[in-house]
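For the first sequence, counting from 1, position 262 maps to 261 in numbering that gives the first Met the number 0; every step adds exactly one.
Inspection log for the structure reproduced underneath, given as structure tokens.
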Amino acid sequence: MTDSGEIISPITDAFFLTGPTAGGKTKIGVKLANLIDAEVISLDSMAVYRMMDIGTAKPTELEREGVPHHLIDVCDPWEEYSLADYLKDAGRAADEIRARGKRVLFVGGTPLYLKGALCGIFEGPPADAEYRNELAAREAAEPGALHRLLAERAPDDAERLHPNDTRRIIRALEIFRARGRSITSFQTQFHAESGRTNRCRGAVLDWERPVLNTRIDRRVDQMMKDGFSDEVGRLLSLGKPLSKTALQGVGYAELAAVLRGEAEPDEAVERIKLRTRRFAKRQATWFRSLSGLTPIEMNEPVDPDAAAGLIADRFLNEE
RNA sequence: GGCGUCGUAGCCAAAUGGCUAAGGCAGUGGAUUGCAAAUCCACGAUUUACCGGUUCGAAUCCGGUCGACGCCU
């Protein structure tokens, strides 16, 4: 049981800039990239989707200031994209950047992807939609059935997973079916905090919650002015439904409901702000749990050049 | 000024004499390894506007005070 099998390797020798949504990462990231001679790899689970620009606050060509950005617009909105896809793509992009003699700078706020990049994940079988649906239907028909099933097959998983945590229970059952062992026995990568050993440096923008919430509200209002709703309308007119993962992006489902006449615009905007605030809260929980990230205290107004200068200093001079 | 209705956690809201005052939303903390901008978990009223009374026992009944709303003058 000591064999963890193949893993998707952690990223080595890279720099990371992360922080909560609406915290100013994009701008500072570009400045920072220029200062340390790096190319940027977007660390964002939603910016990977083409045509989802405004709602994901994707940096425009202008905002990128000539710095190459990777892992943006790499799949279509009707396709599924996963953590494993991301880590494989990111590893490839990082190698290419290094081959060009540039540094690698990850910029973004998807904490799970960050953790995966820092520690690596075990190489498991891909999602099996059919089996997942089958299990989900079973759970719906008989609540608690899946957890009991897991308890028979992989007691260590069942002990770790809350009976209501259906998603992870399903993944655990999926692993057991494919590998005949508990998912717990494979998931060892996150236990060792490996950011250090991978020679990576990371900074996290740190905001007081009330100030950040104000910025979130302001940004959502700006997105609406920039035509977020029209963007959703274009996606709806594609004729193909958004994938499960793409549809999880804050605002897309809300505004689609408005366009279909099923919701009030004002309520949708409030809901978008609320969901964004809750997302920022969960990000904060991740950041607290990650060791080795240098916190950068942020205040309004933001001076991107100064912030980037400070971070570059920490990255390059404090070895 | 008179009459009526009402006043339960930040908000919405159950319980109308008897187990430790439902639940939802928001908020806070945590989890998080192929859906992660997703999902899951945990936490709130020694107390029902206030004062007094009836009762073995009151958020629930009675009186008063304050406040809100409605109607009348």
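C-beta: ideal position from N, C-alpha, C; glycine also.
- For Arg233, no beta strand (DSSP E) segment is defined; the enclosing uninterrupted segment is the alpha helix (DSSP H) at Phe227 to Leu235.
- Between the stretch 83-102 and the stretch 30-39 there are three or more C-beta pairs closer than 8 Å, enough to call the two in contact.
- Remark: C-beta atoms of Leu61 and Val106 do not approach each other more closely than 8 Å.
- The Cβ neighbour count for Pro294, taken over all protein chains shown within 10 Å, is under 16; the residue is labelled exposed.
- Per DSSP, the beta-bridge partners of Thr17 are Val203.
- Here Phe105 carries a strand assignment [DSSP, helix/strand/coil].
- Assignment of Phe189 by DSSP, reduced to helix, strand and coil, places it in the coil class.
- Beta-bridge annotation (DSSP): Leu292 is paired with Gly201.
- In the three-state reduction of the DSSP assignment, Ile182 falls in the coil class, being assigned neither a helical nor a strand state.
- In chain order, Val257 place their CB closer than 8 Å to the CB of Glu263, counting only its own chain and leaving out the 5 sequence neighbours on each side.
- Within the same chain, and ignoring the five residues on either side of His69 in sequence, the residues whose Cβ sits closer than 6 Å to its Cβ are Ile40 and Ala92.
- When C-beta atoms of the stretch 120-133 are compared with those of the stretch 4-20, three or more pairs fall below 8 Å, so the two segments count as touching.
- Per DSSP, the unbroken beta strand (DSSP E) holding Ala37 starts and ends at Ala37 to Ser41.
- In the DSSP assignment, Pro110 falls within the unbroken alpha helix (DSSP H) covering Pro110 to Cys118.
- Per DSSP, the beta-bridge partners of Tyr48 are Cys74.
- Sixteen is the threshold: since fewer than 16 other Cβ atoms of the shown chains lie within 10 Å of the Cβ of Glu296, the residue is exposed.
- A straight-line Cα-Cα distance of about 10 Å links Leu113 and Leu289.
- In the same chain as Glu64, and ignoring 5 residues on each side of it, the C-beta atoms closer than 6 Å to its own belong to Val29, in chain order.
- Apart from sequence neighbours up to five positions away, the residues of its chain that approach Ala283 with a beta-carbon distance below 8 Å are Pro19 and Arg208, ordered along the chain.
- Put simply, the backbone Cα of Thr165 is about 25 Å away from that of Pro240.
- Each of Leu292, Asp304, Asn298 and Glu299 was checked against the Cα of Leu117, and the nearest Cα belongs to Leu292.
- Closest in C-alpha terms to Asp312, from the list Ala21, Ile10 and Asn33, comes Asn33.
- Annotated three-state conformation of Ile53 is coil, per DSSP.
- Beta-bridge annotation (DSSP): Ile6 is paired with Phe121.
- Boundaries of the alpha helix (DSSP H) harbouring Ala92: Leu82 to Ala98, taken from the DSSP string.
- Look at the beta carbons and you see the stretch 177-188 not touching the stretch 227-242: under three pairs across the two are nearer than 8 Å.
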